[in-house]
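Everything below concerns the one structure shown next.
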Amino acid sequence: MTNPETDLKEADVNMTSSNPGSSKFTFAALVFVTFVAVIFGAGVVAGFTDAGGGDRPDVLFGIYAVWVAVVGGLAFLAARSWSRLMKAPKEMLSRSTRRSRNVLYAALVVSAGLGALLSMAQPEGTSIFTNGPLAVFPALVAIMVWTVGGSITTLMWWRMTDEHDRASYEAGANVAVHAYLFIAPSWWVATRAGLLPEQDPMVVMLIVAAIWSAVWFYRKYL
10 MTNPETDLKE ADVNMTSSNP GSSKFTFAAL VFVTFVAVIF GAGVVAGFTD
60 AGGGDRPDVL FGIYAVWVAV VGGLAFLAAR SWSRLMKAPK EMLSRSTRRS
110 RNVLYAALVV SAGLGALLSM AQPEGTSIFT NGPLAVFPAL VAIMVWTVGG
160 SITTLMWWRM TDEHDRASYE AGANVAVHAY LFIAPSWWVA TRAGLLPEQD
210 PMVVMLIVAA IWSAVWFYRK YL
């Protein structure tokens, strides 16, 4: 015969032994660090080349080798984390959660396409992360996709998602807006004092978006 109390204790241990929230956080953190490593490495290579480093192919090869090794290692760790996450017991998802996630996946695909469009539209010898000029047609397409497509996608997600996800989203927005209120004026004053370079609105936007996403992820999954 089984002991109900013992069975309940064992079931409780099995349910709490795996922490899907922690696994998701690890995977997200590895993806974020990998993305940062890609951008940082691209900046190092571009800066070294602009400074005349193209005359030292041995050094340039070493930089490329280290860059590829670091990004490859981080990508491998992220893939392992994703594999473990997929093998973990599946959580029951409501219909609204599944629909809102599909909207997020669609938004990621559109964002990737937008980034590819801007990358191909860059003048030869420039990077997508510069403030250089763009051709009119791809610029107008990017603006329309970002403003119209982004607005429609956000509205669809807001109507489909559940109360918990909305609360996490609102908490992230609250922290991000306050971060902007602190960062933008401080950077402006520091620039006038010669302590920081001139403020780049896209850098500030990325900082605010990263804070917003981090708070949303923490409130939703941890």
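Residue 10 is where the sequence shown starts when you use the working numbering, and the numbers rise one by one after that.
Yeah, the Cβ is synthetic: ideal placement off N, Cα and C, and Gly gets one too.
Next on the checklist: Less than 7 Å between C-beta atoms, sequence neighbours within five positions excluded: which residues of the same chain meet that for Ser105?
Outcome noted: Position 96 of the sequence shown, counted from the start, is the residue given in the question as residue 105. Only Met169, Thr170, Asp171 meet the Cβ criterion.
Next on the checklist: Below 8 Å on the Cβ atoms is my contact criterion, and I expect Ser177 with Trp221 to pass it. Report the Cβ-Cβ distance as a whole number of Å.
Outcome noted: Along the sequence shown, read from residue 1 onward, the residue named residue 177 stands at position 168. Along the sequence shown, read from residue 1 onward, the residue named residue 221 stands at position 212. Wrong, their Cβ atoms sit about 10 Å apart, outside the cutoff.
Item to check | Residue span of the alpha helix (DSSP H) that contains Ser105, given as start and end | outcome: Numbered from its first residue, the sequence shown carries residue 105 at position 96. Element bounds for Ser105: 104–130.
Item to check | Selection from Lys96, Met214, Leu205 that minimises the alpha carbon distance to Tyr189 | outcome: Residue mapping note: residue 189 aligns to position 180 of the sequence shown, counting from 1. Ranking the options by Cα distance to Tyr189, first place goes to Met214.
Item to check | Three-way DSSP call (helix, strand, coil) for Gly141 in this model | outcome: Position 132 of the sequence shown, counting from 1, holds the residue named residue 141. Correct three-state label for Gly141: coil.
Item to check | Inter-residue Cα distance where the pair is Phe36 and Pro142 | outcome: The sequence position of residue 36 within the sequence shown is 27, counting from 1. The sequence position of residue 142 within the sequence shown is 133, counting from 1. Straight-line Cα distance between these residues: approximately 36 Å.
Next on the checklist: As a quick exercise: from Met129, Val184, Arg108, Leu83, pick the residue whose alpha carbon is nearest that of Tyr227.
Outcome noted: Counting from 1 along the sequence shown, the entry for residue 227 is found at position 218. For the residues Met129, Val184, Arg108, Leu83, the minimum Cα distance to Tyr227 belongs to Val184.
Next on the checklist: Need the endpoints of the alpha helix (DSSP H) that Asp67 sits in, please.
Outcome noted: Along the sequence shown, read from residue 1 onward, the residue named residue 67 stands at position 58. Its alpha helix (DSSP H) spans residues 66–96.
Item to check | Proximity winner among Leu83, Val77, Pro147, relative to Gly124 (alpha-carbon distances) | outcome: One-based indexing of the sequence shown puts residue 124 at position 115. Ranking the options by Cα distance to Gly124, first place goes to Pro147.
Next on the checklist: Taking its Cβ as the centre, do 16 or more other Cβ atoms sit within 10 Å of Ala87, making it buried, or is it exposed?
Outcome noted: On the sequence shown, residue 87 is found 78 positions in, with the first residue counted as 1. Buried, because 16 or more other Cβ atoms sit within 10 Å of the Cβ of Ala87.
Item to check | Thr25 to Leu149 span [Cα, whole Å] | outcome: Here residue 25 refers to the residue found at position 16 of the sequence shown. Here residue 149 refers to the residue found at position 140 of the sequence shown. Note that Thr25 scores 41 on pLDDT, short of 50, meaning its location in the model is unreliable and no value can be drawn from it.
Next on the checklist: Taking the beta carbon of Leu67 as the centre, do at least 16 other beta carbons fall within 10 Å, making it buried, or is it exposed?
Outcome noted: Position 58 of the sequence shown holds residue 67. Going by the sequence as given, residue 67 is Asp instead of Leu. Result: exposed.
Checklist entry - Do the CB positions of Trp166 and Ser109 come within less than 8 Å of each other? => result Residue 166 sits at position 157 when you count from the first residue of the sequence shown. Residue 109 sits at position 100 when you count from the first residue of the sequence shown. Contact: yes.
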